[in-house]
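Read through the structure below, which is laid out as structure tokens, and then see the notes.
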Amino acid sequence: MATESVTASLNKLVATQGLLYIKLHQAHWYIKGPNFFDLHVKLEEYYDELTAQMDLTAERLLQLGGEPYSTLQEFIEHSVIKESAGDKNKKPEDMIEAVVSDFEIYRDELGEGIDLFDDASDDVTVDILTEQKREVDKVIWMLWAYLGKDALGN
Ligand SMILES: [Fe+2]
């Protein structure tokens, strides 16, 4: 069974997923330019996937005896991704670059979680987080490709 510090890391992940879910709405609403129709739809796909991931993470945390954060205030306090009101005024490419940067922070958080739960021999949580990281790695590669760069942003 996972220790308290391990479940705390899963809760930080719930907060991060919740905040990224909101930030993706901001980009979905405020993105502009000739690629509006494609990007608007793509960002909606991403936040739909994020809410499914948050739900899985929170319900796994409950199964481990934890109490997932469930208020916006808790998400803001505990997310490793931070809010940025000014992002809505960014040019389209800069806005997508901000989105991919957030996904990279999220990916790193998933990677840390995988290591922690692997050490705790919790194969089910490792499986959940690995599946989420697989999805996020793909999103990062595609967003960098959209910006004309390789998967590492070069
Ligand atoms: Fe919408």
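Start counting the sequence shown at 1071; every next residue gets the next number (our numbering).
By construction, the Cβ of each residue, glycine as well, lies at the ideal position given by its N, Cα and C atoms.
Within the continuous alpha helix (DSSP H) that includes residue i, where are the two ends?
{"i": "Asp1192", "result": "Unbroken run through Asp1192: none, as it is neither H nor E."}
{"i": "Gly1088", "result": "Glu1074 to Tyr1100"}
{"i": "Asp1118", "result": "Phe1106 to Gln1133"}
Please tell me whether residue i and residue j are closer than 8 Å, where the distance is taken between their beta carbons.
{"i": "Leu1222", "j": "Val1206", "result": "no"}
{"i": "Leu1090", "j": "Asp1164", "result": "no"}
{"i": "Val1209", "j": "Tyr1116", "result": "yes"}
{"i": "Leu1213", "j": "Val1169", "result": "yes"}
Looking at the structure shown, is residue i part of a helix, part of a strand, or coil, going by DSSP?
{"i": "Val1150", "result": "coil"}
{"i": "Asp1220", "result": "coil"}
{"i": "Ser1171", "result": "helix"}
{"i": "Pro1162", "result": "helix"}
{"i": "Thr1200", "result": "helix"}
Residue i: which of the options sits nearest, CA to CA?
{"i": "Leu1126", "options": "Lys1093, Leu1083, Leu1186 and Trp1214", "result": "Leu1083"}
{"i": "Leu1142", "options": "Glu1129, Gln1087, Gln1123 and Gly1103", "result": "Gln1087"}
{"i": "Asn1081", "options": "Ile1146, Glu1167 and Ile1092", "result": "Ile1146"}
{"i": "Ser1076", "options": "Met1124, Gly1218, Ser1191 and Leu1113", "result": "The amino acid at residue 1076 is misidentified as Ser; the sequence shows Val. With distances taken between Cα atoms, Val1076 lies closest to Ser1191."}
{"i": "Ala1078", "options": "Glu1153, Lys1102, Glu1119 and Glu1144", "result": "Glu1144"}
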